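38 is the number of the first residue of the sequence shown in my numbering; add one for each residue after it. For each residue, glycine too, the CB sits at the ideal point set by N, CA and C. Note that the coordinates shown come from a computational prediction; the quantities given were computed from them, not determined experimentally. Take a look at the structure set out below.
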Amino acid sequence: MNLTKHITLKHLLIHNQKMIGIQFTPDKVIQALIKELPNPRWSKKFSMVYIINTKENLNTVFDKFRGVAWINCSFFFKDKPIRANSPIDIQWYRNRVKTNGYRYTPEAYLIKLELKQYAMNTCKVYLYHFEKFINYYKEFEINSISEQEIRSYIQHLVHQKHSISYINQSINSIKFYYEVVLGMPNRFYSIERPFKEKKLPDVLSKEEILQMLEVTTNLKHRCIISLLYSSGLRRSELLHLRIEDIDSKRMLIKVKQGKGNRDRHTVLNKSVLEDLRKYYKAYRPKVYLFEGPKPGTPYSQSSVLKVISRSATKARILRKVSPHMLRHSFATHLLEEGADLRYIQVLLGHKSSKTTEIYTHVTTNIFKNIKDLLI
């Protein structure tokens, strides 16, 4: 059935009561059916019609518009998982030793994280920040905290000189509770976010990276540094690589469920493959390409950081070097070698080309032909 008319359902919170918001373009047929709904009202604030949110009223909406208009429910029903991975395990949070006087995240919050199958790092960040928030307002019932009080809390974080990233993580954790757990997506329409800083990525020179590899005698550590740089991997992507993800015939590496839950391929360097073969014979990993002391478990993030830091120190690089800096260097050096920006975007797994365009600001090519004014 080809329906040309459509309506969109949204959650609204009006006078602390849940409502079904109905958006539509002006149409006589839709307007006539809207009038037949139970006690429809107009919200000037949200510019849409609304009725009380009950199961009976929701069924009435579907009955009235069936065969007449297409009903967009993508904003209304949000319980489908956002990831294709196996369910996350946050039982560690429930099993923590509880401290008297400390307020813990409600069970409904945990269940929603599990239903949505958020990445483990995201779960940890959300739980940390949400508990900071609810313990700041320990004397309030969580559901009674107003938008003004939330804004005051954000202002408190600003005054404490927390980073913009930290503040945005706090806002996201609070939004998740009110908008996703309680189903009130209009709660944060007027919460201001701090302006995002536009910092250029830190990049190493090719000589510095080669020097890091030269001073790294441990074969496993050398392979880690080589892959982060020559394939442009994120640290989490490196740690979740499995043996079968290395495609030596096509000289590709398959990155499964990278950032944004997207699969992609990136390049496998010939010299890195040779080192990986030596590494495999020496270490015999069971499941993951790089494993920790316990067979079948991935190498830890902190261990990767130590590997990079130790090699940078040995190479006499005075700057603080991070795993992500090697990824930035990969993109920048490819761009300086004339690689197409779209090609680099695919290798990095960026959803938007605007994210990749930042590397055009750190390439040295544009400065090479500038005349020395002191000569």
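*Taking Cβ positions, are E186 and Y174 nearer each other than 8 angstroms?*
The criterion of a C-beta distance shorter than 8 angstroms is satisfied by E186 and Y174.
*Quick one: give me the first and last residue of the beta strand (DSSP E) that T303 is part of.*
301 to 304
*Do N109 and L46 have their C-beta atoms closer together than 8 angstroms?*
Going by C-beta atoms, N109 is nearer than 8 angstroms to L46.
*Which partner residues does H48 have in the DSSP bridge list?*
According to DSSP, H48 bridges with I57.
*Assuming G220 and H52 make a contact with CB atoms under 8 angstroms, what is their CB distance in whole Å?*
About 16 angstroms; that fails the 8 angstroms criterion.
*Which residues in the same chain have their Cβ closer than 8 angstroms to the Cβ of F99, if we skip the five residues on either side of it in sequence?*
I108
_C-beta contact flag for N180 and R140 at 8 angstroms_ = no
*Run of the beta strand (DSSP E) containing R78, from where it starts to where it stops*: 78 to 80
*asked:* Rounding to the nearest angstrom, what Cα-Cα distance links K198 and I191 in this structure?
replied: Using only the alpha carbons, I get a separation of about 11 angstroms.
*Inter-residue spacing [alpha-carbon to alpha-carbon] between K307 and I283*: 12 angstroms
*State the Cα-Cα distance for the pair D312 and L264, rounded to the nearest angstrom.*
10 angstroms
*In chain order, what residues of the same chain have a beta carbon less than 7 angstroms from the beta carbon of K248, not counting five sequence neighbours either side?*
Just to set this straight, residue 248 is Gln in the shown sequence, not Lys. Same-chain partners within the cutoff: A352.
*Would H398 be called buried (16 or more neighbouring beta carbons within 10 Å of its own) or exposed?*
Looking at its Cβ environment, which holds fewer than 16 other Cβ atoms inside 10 Å, H398 is exposed.
*In the DSSP assignment, what residue or residues form a beta bridge with W129?*
The partner list for W129 (beta bridge, DSSP) is empty, contrary to what the question assumes.
_Contact defined as beta carbons within less than 8 angstroms: I believe L276 pairs with V341. What is the distance between those atoms, to the nearest angstrom?_
7 angstroms
_So, does the region 237 to 256 touch the region 349 to 365, judging by three or more C-beta pairs under 8 angstroms?_
yes
*Considering only the beta carbon of each residue, do E13 and T142 sit closer than 8 angstroms?*
Any property of residue 13 remains undetermined from this structure, which presents the chain solely from 38 to 412.
*Does the beta-carbon distance from L278 to Y320 come in below 8 angstroms?*
no
*Quick one: grab the DSSP three-state call for S123.*
Residue placement at S123 is flagged as unreliable, the pLDDT there being 44, under the threshold of 50; a coordinate-derived value is accordingly withheld.
*What are the start and end residues of the beta strand (DSSP E) that includes L289?*
Per DSSP, L289 belongs to the beta strand (DSSP E) from 289 to 292.
_Check whether K92 and L74 have beta carbons under 8 angstroms apart_ = no
*Does the Cβ of H196 have 16 or more other Cβ atoms within 10 Å, making it buried, or fewer, making it exposed?*
exposed
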